[in-house]
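Worksheet for the structure shown next.
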């Protein structure tokens, strides 16, 4: 997990458009000059706007979630990163390399060496063993057999599948297959992982286990990850930042807390309203500045419990249950603000804490 | 439940029906209501009276043709009784009229039912034509005018004018066309003699090698090899079957001929595979090529095999090489088709994954598409073998020898017993190969 704002940008998308159809270029021109809606484009040009003016960047080591419902263009967008789909317009940069400028040979090389991908339906080769599947990207780069199979075993150990190397994919459960997919994506030690709804087809319990396993791996390996999901809970659990897509457009980009506490529009607000805020909202978001509070109330700071400024609501509840006085919020021992029980309850509810 | 039993047409449906019916909607509304309540067969007087014309104007063409056929039959009988004379003395006016009335009556009873079905089709697809139209009625009238008089005339008079009895042929067109094809074949034979000769030589040497292998190998060794293959690929049941079949071939004196047939089939299938599989791969990757190839394959499969025996003889003279080539033409389409199918069936997500990991088109073909198409390709080989064996008798006509010759010989000399024995030998050869290959493909 990174907190560092100065980290280098690993993936950058600038004004990416993808329009499917024979007259995509005309349609794009029409969108830009005449501002047609997607329905109008569909009627006039028989084209479908899948991604509309998407701009975002993912920092090195960051897990960047793209969340949206089916048909929102999220899977299309992620396929632009390794150019499985060519953009109609816009630039995609990996590090400082323009991916659209590569020829076929260079593109294959960057796909094999720099970008690993995990698919929703695993897409393992059914005629090969688990080990050979994991070694695929190395095999495509002509790494010699002994070496690549050894690496495959190491990666399988990372996803805790030691002992399953010589099975066929069909003998494994869905969750295990997906772990093979993850091991395969990591085999070439790519800098970037693209994960296209990897856990969506799994049952909830297995999904949670895999999320935890993946988070642990991601922390230890520090890979830049684009994680596609239709499940906001998953996005919040996994993502450092989340981009929310609707009808091909990115509606909001922010940290989970930003998305929860300041949804950009009604669409996002509707999404986040059922999300538990306990682990997401921090003390500094709901606190009243110390000066404001002291202007109206008398308070003996030394008798109050204290919490760090980034403590979550869950932590504050525990304090509030055992103490009667308000909680003082500190940043490195400097008191910043006060959280009263009323603010805490409002904060859990998600309303305005200072009403 | 009562709702289901007493279904009546609701308002929305009524509006739709009016749109659909255009004219006499009150009558049909009532009729459709009856149908909806389960009383299916109601007599439609308009349909009885006007018969096919009613059906045409309401756009129910299946009823039009049904009634047209029964009308014509009835009118022919009526015509025969009126002017048929002695030749059709047994035809009676009453019978004709009876058939006419009966069939019109039946038509009238099912007319509303068919019309109701037509309405349902129109509801699904509003482009289906509805209502009545003079244009359609006119079309019906034209069809009746074109078919009724001539047909009735042809079957009810004693002496038919020549013009109607047979199609006015022009013998000249056929003979000149055939002659020009002859010339073209001659020209090809002479111009490309060297090419045809070298193909003949190539196939002959391949056949010679295979025959040496199959016939030259001492029979115990050959039998052992076949049994071993059966054991390896399909288990002891097939071994037992193969042993019995081989014993039959040996004791009834078909051994050498069976081996020679197998050599012929082996050569044909080898050529099918080595040409068919690459063609199938290209077709799978190139839709335009596939579109051109498909009708050619259809022709190869449906053209009676005797037809291409003739050019085969012209280009490659008689003997085994042209027999192999004729067999290849017949047996290759399934090989190509199954290869194409196998490659196209590989899941697009697997292909996408290969691409995402940086595979070149070549790597995708050899590491994913072909291995995954193997079962389908094996099925194609199997089909090719079966079709080659079915060509054995035909190929014997141009001197391919083998078991086919025995069948042919008994056919020509009316020796049913000998022919059946040889036929059984062919069947057994086919089954041995089929079981071994199928077993292999199942176990892998």
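Protein chains in written order, with our numbering: chain G, 1 to 355; chain L, 1001 to 1444.
Beta carbons are placed, not taken as given, at the ideal position from N, Cα and C, and that holds for glycine.
Please read all numbers here as calculations on a predicted model, not as lab measurements.
Contact between residue 1283(L) and residue 1336(L) holds: their C-beta atoms lie close to 7 Å from each other, under 8 Å. Every alpha helix (DSSP H) stretch that sits fully inside the segment 1129-1208 of chain L and reaches 4 residues is listed by chain position as 1134-1156, 1162-1165, 1171-1191. Around the beta-carbon of residue 1324(L), 16 or more other beta-carbon atoms lie within 10 Å, marking it buried. By the 16-neighbour rule on beta-carbons within 10 angstroms, residue 37(G) is exposed. Check the Cα spacing between residue 325(G) and each of 332(G), 343(G), 333(G), 275(G): the tightest is with 343(G). Between residue 278(G) and residue 313(G), the C-beta spacing is below 9 Å. According to DSSP, residue 58(G) shares a beta bridge with 11(G).
Chain L has a Cβ within less than 9 Å of the Cβ of residue 121(G). Counting along the chain, no alpha helix (DSSP H) covers residue 337(G); the unbroken beta strand (DSSP E) around it starts and ends at 334-339. Under the DSSP assignment, residue 330(G) falls outside any alpha helix (DSSP H), being part of the beta strand (DSSP E) whose first and last residues are 327-331. Around the beta carbon of residue 1212(L), a 10 Å sphere encloses fewer than 16 other beta carbons of the protein chains shown; the residue is thus reported as exposed.
Going by DSSP, residue 270(G) is part of no beta strand (DSSP E) but of the alpha helix (DSSP H) stretching over 266-272. With a minimum length of 3 residues, the unbroken runs of beta strand (DSSP E) contained wholly in the segment 10-90 of chain G fall at 48-59, 63-67. Using a 10 angstroms sphere on the CB of residue 1428(L), the tally of other CB atoms reaches 16 or more, which defines it as buried. Residue state for residue 122(G) is assigned as coil, using DSSP reduced to three classes. Beta bridge pairing from DSSP links residue 224(G) with 192(G). By the neighbour-count criterion, in which a residue is buried when 16 or more other Cβ atoms sit within 10 angstroms of its Cβ, residue 1028(L) is buried.
Using a Cβ-Cβ cut-off of 7 Å, residue 1357(L) is close to 111, 112, 136, 137, 140 of chain G, given in chain order. Using a Cβ-Cβ cut-off of 9 Å, residue 1378(L) does not count as an interface residue toward chain G, since no Cβ of chain G sits closer than that to its own. Listed along the chain, the chain G residues whose CB falls inside 9 Å of the CB of residue 1371(L) are 125, 127, 128. In the structure shown, residue 312(G) adopts extended strand secondary structure according to DSSP, grouped into three states.
Rounded to the nearest whole angstrom, the CA to CA distance from residue 1259(L) to residue 1175(L) is 43 Å.
Taking the Cβ atoms as the reference, residue 180(G) lies roughly 17 Å from residue 194(G), outside the contact range of under 8 Å.
DSSP, reduced to helix, strand and coil, places residue 97(G) within a strand of the structure shown. Using beta-carbon distances, residue 183(G) does not count as an interface residue toward chain L, since no partner is under 9 Å.
Counted as a single uninterrupted DSSP element, the stretch harbouring residue 1215(L) is not any beta strand (DSSP E), since DSSP gives it neither H nor E. A residue is called buried when at least 16 other Cβ atoms come within 10 angstroms of its Cβ; residue 1220(L) does not meet this threshold and is exposed.
Residue 1433(L) sits close to residue 1385(L), with the two beta carbons spaced by under 9 Å. DSSP, read as helix, strand or coil, puts residue 289(G) in strand. In this structure, the beta-carbon distance from residue 110(G) to residue 82(G) falls below 9 Å. In this structure, residue 169(G) lies near residue 125(G), with their beta-carbon atoms less than 9 Å apart.
Residue 1329(L): not part of any beta strand (DSSP E); member of the alpha helix (DSSP H) spanning 1320-1344, first to last residue. Taking all protein chains shown into account, residue 322(G) has fewer than 16 neighbouring C-beta atoms within 10 Å of its C-beta and is therefore exposed. For residue 184(G), the enclosing alpha helix (DSSP H) has its first and last residue at 174-186. Beta-bridge partners assigned by DSSP to residue 246(G): 249(G). Residue 1344(L) does not reach chain G, its nearest Cβ partner there being about 16 Å away, counting only Cβ pairs nearer than 7 Å.
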